[in-house]
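Shown next, in structure tokens, is the structure this report addresses.
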Ligand SMILES: O=P(O)(O)OC[C@H]1O[C@@H](O)[C@H](O)[C@@H](O)[C@@H]1O
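In the numbering used here, the protein residues as written are 254 to 499.
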């Protein structure tokens, strides 16, 4: 039913890039933030300025990961280590959290300006899943998940939210660790094999594979189907509407 194996009775949806087009908003904000950081770092250290690559760097090191994990993982790829700081560091601090919060200022601005758009095929699929009596949880790394769901007008289609704020509160490691998805299954009192994971991020499909879920559905918005399969997707679609009865 709806492209899912018969034992699956619940869907765990990633948000940015799966339900809403906000992966583009995050990517643009990261590019702006990292480029200005890298430029200033290069000037101060007498090294060449190599800009953030919105293709490779975003998908390999940032997409799907919690904010601070994205900063730490990307900067490590450039041989840069910053002090961690704390999650409420101001955007002017040169810490992992400070740099992440610089990017969040830009994201909040974009959300306020109305940049949140849904994928119509995903809304249709969410409605079909609900009508079929399947359970529905959003599992996102983003601390802005609730605001994005509200701006998108789809909060009512989901029963529970496991996001960056919940993960911080409970001390759950982010994707590619499976813990946030496993917590989503636990909220429904279901075993992982009874849940489907829907993910567009390489770190996200890896989390789905690591958690032993019933099926991991890779959603390829950017032409990385092969990489999604290699990292853990059982099947890959370009839009959730492909899973609806034709
Ligand atoms: O900074 P936020 O809103 O907490 O989001 C954290 C991450 O959330 C993920 O959903 C996005 O794929 C990443 O791009 C983003 O960095």
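Backbone N, C-alpha and C define an ideal beta-carbon position, used for all residues, glycine too. Since the structure is predicted, the reported quantities are computational estimates derived from the model, not experimental observations.
Per the DSSP secondary-structure output, residue 417 pairs with nothing in a beta bridge. Residue environment for residue 296: exposed (fewer than 16 other C-beta atoms within 10 angstroms of its C-beta). By the Cβ test, the stretch 462-472 is not in contact with the stretch 282-296, since fewer than three Cβ pairs between them sit closer than 8 Å. Closest in C-alpha terms to residue 478, from the list 498, 454, 460 and 303, comes 454. Within the same chain, 351 and 354 come within 8 Å of residue 343 by CB-CB distance, once the 5 residues on both sides are set aside. Straight across, the Cα-Cα distance linking residue 259 with residue 492 is about 21 Å.
Contact between the stretch 411-421 and the stretch 433-444 is present, with at least three C-beta pairs closer than 8 Å. When secondary structure is reduced to three states using DSSP, residue 290 falls in the helix class. Residue environment analysis places residue 292 among the exposed positions, since fewer than 16 neighbouring C-beta atoms fall within 10 angstroms of its C-beta. Listed by position along the chain, the residues with Cβ atoms less than 7 Å from a non-hydrogen atom of ligand 1 are 267, 268, 269, 270, 276, 279, 280, 283, 315, 316, 317, 318, 319, 320, 323, 353, 356, 357, 360, 393, 394, 395, 396, 397, 417 and 454.
The stretch 325-333 and the stretch 267-279 do not touch, with fewer than 3 CB-CB distances between them shorter than 8 Å.
For residue 451, the pairing in a beta bridge is given by DSSP as 266 and 470. For the pair residue 482 and residue 475, the CB atoms are not nearer than the 8 Å cut-off. The Cβ neighbour count for residue 452, taken over all protein chains shown within 10 Å, is at least 16; the residue is labelled buried.
Check the Cα spacing between residue 266 and each of 301, 372 and 298: the tightest is with 372. For residue 369, there is no enclosing alpha helix (DSSP H), as DSSP gives it neither H nor E. By the Cβ test, the stretch 380-394 is in contact with the stretch 440-452, since at least three Cβ pairs between them sit closer than 8 Å. In this structure residue 429 is buried. Its beta-carbon is surrounded by 16 or more other beta-carbon atoms within 10 angstroms.
Here residue 499 is exposed, its C-beta having fewer than 16 other C-beta atoms within 10 Å. Between the alpha carbons of residue 264 and residue 394 lies a gap of roughly 17 Å. Secondary structure note for residue 318: it is in no beta strand (DSSP E), with a DSSP letter that is neither H nor E.
By the C-beta density criterion, residue 365 is exposed, having fewer than 16 other C-beta atoms within 10 angstroms. Counting along the chain, residue 390 sits inside the beta strand (DSSP E) bounded by residues 388-392.
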